[in-house]
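Just so we're aligned, residue 1088 is where the sequence shown starts under our numbering, counting upward by one. A virtual CB, placed ideally from N, CA and C, is assigned to each residue, including glycine. Bear in mind that the values here come from a model prediction, so they are computed numbers and not experimental data. Heads up, the thing below is written out as structure tokens.
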Amino acid sequence: MRNCIYCGAPIPEDRHKNAWTCTKEHALLLKKEREAANYQKVRNTADPIIRLREHFNGLANEFGFEVPFDLIYATPLKIDWSLKTGTFFKDGAMGVALGDIGYIIYQPQSIKIFKL
Ligand SMILES: [Zn+2]
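Here is the structure:
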């Protein structure tokens, strides 16, 4: 005898054999709960990206888009360099995208911000 993973009640014999829940209602509630959990997960990962995008947008308002400036002004310690929504290519270099904004690091330590 297996139990409903939503409420713990025994799953009736007449439910199909792959059923994880005691009723269709509980299957639906379980699905809703999982969707809500997934949404929360997406939000939790999206927020740091939004904040970082705002940081770069602020820098671009100060220094200009496509204007190289010293990385030190980007307060690199505040930046999580692993965050990105994708990559892009500009002038033969690969950049990191944060939604509609992107940046490219140039050696030794300058950075350019792009409107994508
Ligand atoms: Zn149930």
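Segment contact: the stretch 1106 to 1120 against the stretch 1131 to 1146, fewer than three CB-CB distances shorter than 8 Å; contact not assigned. The alpha helix (DSSP H) runs of length 4 or more contained entirely in the stretch 1099 to 1185 are, from start to end of the chain, 1111 to 1150.
Counting other Cβ atoms within 10 Å of its Cβ, Y1190 reaches 16 or more and is therefore classed as buried. Counting every other CB atom within 10 Å of its CB across the protein chains shown gives A1123 a total below 16, marking it as exposed.
A Cβ-Cβ distance of about 4 Å is found for the pair Q1196 and L1158, placing them in contact under the 8 Å criterion.
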